[in-house]
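Peer 1: Please find one structure pasted underneath; my questions will follow.
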Amino acid sequence: MLSPVTDADGAPFWRYAAQGELRVQTCADCAEPRFPPRPCCPHCQSFTSEWRRLSGRGRIWSYVVPHPPLLPDYAAQAPYNVIVVELTDAPRIRLIGNLVPEANAPLGAFPPDRIRIGARVQAVFDDAGLPRWILERP
Amino acid sequence: MTGGPGVKDATAIVGIGQTPFAKRLPEDERTLACRAVLAALDDAGIAPGEVDALASYTMEETDEVELAKAVGLGDLTFFSKVGFGGGGSCATVAHLAAAIAAGQATVGVAWRSRKRGSGPRPWTNTTAQLPTPAQWTRPFGLLRPADEIAMLARRYMHEYGATRDHLFNVALACRNRANQNPAAIMYDRPLTREMYMTSRWISEPLCLYDNCLETDGALACVIVSAERARDCRRRPVYVHSAAQGLPAQHHGMVNYWNDDPLTGPSWTAARHLWKHADFTPADVDVAQIYDAFTPLVPLSLEGYGFCGRGEGGAFTEGGALEIGGRLPVNTGGGGLSEAYVHGFNLINEGVKQLRGIATAQVPGAATCLVTAGEGVPTSALLLRS
Ligand SMILES: [Zn+2]
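Line by line, the protein sequences are chains L and B. Be aware that the first sequence starts at 1, since it is given in the working numbering, and climbs by one per residue. Be aware that the second sequence starts at 1001, since it is given in the working numbering, and climbs by one per residue.
Structural data, given as structure tokens:
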């Protein structure tokens, strides 16, 4: 499987995720959250930011079900889902992830025909510190 | 210069060239590039030594030095490369048109050579998955352009009621035109609705026929001033308007990170394109719309103003995209059924239509829109005869 290759801007996201926390970069001057993380605030041009902790709640904005040919590790789990989650606490931010029955389940463990746009989801974290998503009301 | 300031009608495409298109060609990319460029110059009746400007894509692997040396170009005073994959296609012509209009050069050649049919696919190479922006997408298995565009397509279908039948209409129009074009890879292979609906998934909601062809091939075109064009061998095809588009807060091919992901780069390019044109979408006789994936066509139809927001799917109904329809598109077969050479075949097809020599000719076509990759920073041309 591919692991995130981080840069200076993105590293805090992954550090917090490894601790089981979902945080987004937020401007320390105008309080506007932004994603992906970057050096400067596009609203007020401030270079100062902080990492705001979120509830981890969101809704499915869209999803796909990839089929092979894929990279071997992913092909082995296909068909699996990839979802985009719109965050409840920061509606302008959408994160990519996977809908799974439980944190450490395989990528393809959730039946694709049960995925719905608009479904409420909750962030969980697998043993590798990767954020995953489960249905808020399974 | 006639037609007012800027690029409007100041330059014309006077030569086009291409190699055969195939899943596998024996020659390498550099050789194919040389063949396409020489064919385009021959079509224009211009000697290689007169070329003083070049433009191509950043992903083009035959660089200016190799090309100029191999085919015997003159002293170059302008050369340009455009980023963002297929989003750069029309901008190669636009850069040359601007350079020639501004007096930086006199004879420009744009080209693209690609061995994607027999060469490696970038997404099969694990190390190519690892640039840092990919940290937000690849680990979760969103690996290929098809996956990235399928995500947008699913949301589009959900929000506006577009259906797989609408996407099929796009695939079918391209295939029908390819069936009329002996140079097209899908020349002798008709498509049916049943074939489409029962084909294998690539990334749901996109199936096999929603995806462009992997192709080996190269194309080129030659641009000169309108004044010079009058003395060339072929009927000039004027660059009437040209634009690039990189919307505020856009992000690569995963622009679900914008405030409004369903208004993509085409909307930005279109605003500039129409502002500098003497005509409107209603005046366009034929369009070559970038079709690496079928959903890009309804999204572009909206962006370039052929219909309202959310109406791109319904626009495809009733044979609208076919010859004789409201807006014939991709009349050579497009990336879906002629060849996928990063959209350059759409430029040359636009020129063929306005010369009146296309294999699926739109009678009396005098205006043609050509677009580049949508979902990525893009570019577009309005051509007229
Ligand atoms: Zn700010």
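By construction, the Cβ of each residue, glycine as well, lies at the ideal position given by its N, Cα and C atoms. From a predicted model like this one, the values you see are computed outputs, not experimental measurements.
Going along the chain, which unbroken runs of the alpha helix (DSSP H) with 4 or more residues stay wholly within the stretch 1209-1249 of chain B?
Peer 2: Counting only runs of 4 or more, we get 1226-1229.
Peer 1: What are the residues that DSSP puts in a beta bridge with E50(L)?
Peer 2: Beta-bridge pairing links E50(L) to T26(L).
Peer 1: Can you look up C1368(B) in the DSSP assignment and give me helix, strand or coil?
Peer 2: In the structure shown, C1368(B) sits in a strand (DSSP, three-state: E or B).
Peer 1: Whose C-alpha, out of A1099(B), H1158(B), V1037(B), is nearest the C-alpha of A1070(B)?
Peer 2: Nearest option by C-alpha distance: V1037(B).
Peer 1: In chain L, which residues lie with their C-beta within 8 Å of the C-beta of P1139(B)?
Peer 2: Under the 8 Å cutoff, chain L gives M1, L2, S3, P4, L130.
Peer 1: M1186(B): buried (16+ other C-beta within 10 angstroms of its C-beta) or exposed?
Peer 2: It counts as buried.
Peer 1: Is the shortest distance between the beta-carbon of E1060(B) and the beta-carbons of chain L less than 8 Å?
Peer 2: Not closer than 8 Å to any Cβ of chain L, the Cβ of E1060(B) fails to qualify, so no.
Peer 1: Can you tell me the Cβ-Cβ gap for Y1290(B) and G1085(B), rounded? I've got them flagged as a contact below 8 Å.
Peer 2: Actually they are not in contact, since the Cβ atoms of Y1290(B) and G1085(B) sit about 10 Å apart, beyond 8 Å.
Peer 1: What is the chain-ordered set of residues for which the beta carbon lies under 6 Å from any non-hydrogen atom of ligand 1?
Peer 2: Qualifying residues, in the order they occur: C27(L), D29(L), C30(L), E32(L), C41(L), H43(L), C44(L), S46(L).
Peer 1: Based on DSSP bridge pairs, tell me the residues matched to W1111(B).
Peer 2: Bridge partners of W1111(B): A1220(B).
Peer 1: Locate the beta strand (DSSP E) running through V64(L), then write down its first and last residues.
Peer 2: Residues 57-66.
Peer 1: Does the distance from the C-beta atom of W999(B) to that of A1033(B) stay below 8 Å?
Peer 2: Residue 999(B) lies beyond the residue range present for chain B, which begins at 1001 and ends at 1385; the question has no answer from this structure.
Peer 1: Of the residues that make up the stretch 49-61 of chain L, which ones have a beta carbon closer than 8 Å to any beta carbon in chain B?
Peer 2: So the close ones are W61.
Peer 1: Is T1280(B) helix, strand or coil by DSSP?
Peer 2: In this structure, T1280(B) counts as coil in the three-state DSSP scheme.
Peer 1: Check each residue of the stretch 1203-1220 of chain B: if its Cβ is closer than 7 Å to any Cβ of chain L, include it; give the result in chain order.
Peer 2: Answer set for the stretch 1203-1220 of chain B: S1203, E1204.
Peer 1: Are the beta-carbon atoms of N1169(B) and L1321(B) separated by less than 8 Å?
Peer 2: Yes, they are a contact pair.
Peer 1: Please report the residue range of the alpha helix (DSSP H) in which I1347(B) lies.
Peer 2: Start and end: 1344-1355.
Peer 1: Which bits of chain L does A1150(B) rub up against, with CB to CB less than 7 Å?
Peer 2: The contacting residues are V64.
Peer 1: For D89(L), go through chain C and note every residue whose CB falls closer than 7 Å to its CB, in chain order.
Peer 2: Within the model displayed, chain C is absent; protein chains L and B are what it includes.
Peer 1: Here's the rule: buried if 16 or more other CB atoms are within 10 angstroms of the residue's CB, otherwise exposed. What is C44(L)?
Peer 2: Looking at its Cβ environment, which holds fewer than 16 other Cβ atoms inside 10 Å, C44(L) is exposed.
Peer 1: Under 8 Å, Cβ to Cβ, is there at least one residue of chain L near G1003(B)?
Peer 2: Note that G1003(B) scores 43 on pLDDT, short of 50, meaning its location in the model is unreliable; the coordinates nonetheless yield the value given after this. Taking Cβ atoms only, chain L never reaches closer than 8 Å to G1003(B), which makes this a no.
Peer 1: In the DSSP assignment, find the unbroken alpha helix (DSSP H) run with S3(L) in it and report its ends.
Peer 2: Counting along the chain, S3(L) falls outside any alpha helix (DSSP H), and DSSP gives it neither H nor E.
Peer 1: Could you please give me the residues that DSSP links to S1300(B) through a beta bridge?
Peer 2: According to DSSP, which records beta bridges pairwise, S1300(B) is partnered with nothing at all.
Peer 1: Please confirm if the stretch 1315-1331 of chain B is in contact with the stretch 1260-1268 of chain B, defined as three or more CB-CB distances below 8 Å between the two stretches.
Peer 2: Judged by Cβ distances under 8 Å, the stretch 1315-1331 of chain B makes no contact with the stretch 1260-1268 of chain B, as fewer than three pairs qualify.
Peer 1: Quick one: what's got a C-beta closer than 8 Å to A1044(B)'s C-beta in the same chain, skipping five residues either side?
Peer 2: For A1044(B), where only same-chain residues beyond five positions count, the Cβ hits under 8 Å are V1014, G1015, V1222, V1224, C1232, R1233, R1234.
Peer 1: Where does R1309(B) fall in DSSP's three states?
Peer 2: Coil, per DSSP.
Peer 1: For Y74(L), go through chain B and note every residue whose CB falls closer than 8 Å to its CB, in chain order.
Peer 2: Neighbours of Y74(L) on chain B, chain order: G1141, L1143.
Peer 1: For G1305(B), which residues in the same chain have their Cβ closer than 8 Å to its Cβ, ignoring the five residues on either side in sequence?
Peer 2: If we look at G1305(B) and ignore the five residues flanking it on each side, its Cβ neighbours are A1270, W1274, T1280, P1281.
Peer 1: Give me the residue from Q1249(B), D1216(B), T1192(B) with the minimum Cα distance to L1025(B).
Peer 2: Selected option, being the one with the closest Cα: D1216(B).
Peer 1: Report yes if the C-beta distance between V1239(B) and L1054(B) is below 8 Å; otherwise report no.
Peer 2: No, they are not a contact pair.
Peer 1: Give every residue of the same chain whose Cβ lies closer than 8 Å to the Cβ of V1007(B), excluding the five residues on either side of it in the sequence, and list them in chain order.
Peer 2: Once the five neighbours on either side are set aside, the close Cβ partners of V1007(B) are A1094, A1097, A1098, A1101, V1239, S1241, A1242, H1276.
Peer 1: Taking C-beta to C-beta, are G1375(B) and I1202(B) nearer than 8 Å?
Peer 2: Taking 8 Å as the Cβ cut-off, G1375(B) and I1202(B) do not qualify as a contacting pair.
Peer 1: In terms of DSSP beta bridges, what is G1015(B) paired with?
Peer 2: G1015(B) pairs with V1222(B).
Peer 1: Can the beta-carbon of H1417(B) be found closer than 8 Å to that of G1313(B)?
Peer 2: No statement about residue 1417(B) is possible, as the shown extent of chain B runs from 1001 to 1385 and does not include it.
Peer 1: Using DSSP bridges, identify the partner residues of K1081(B).
Peer 2: DSSP, once it has assigned bridges, lists S1056(B) as partnering K1081(B).
Peer 1: Which chain L residues sit within Cβ distance under 7 Å of T1132(B)?
Peer 2: Simply V5, T6, D7, G10.
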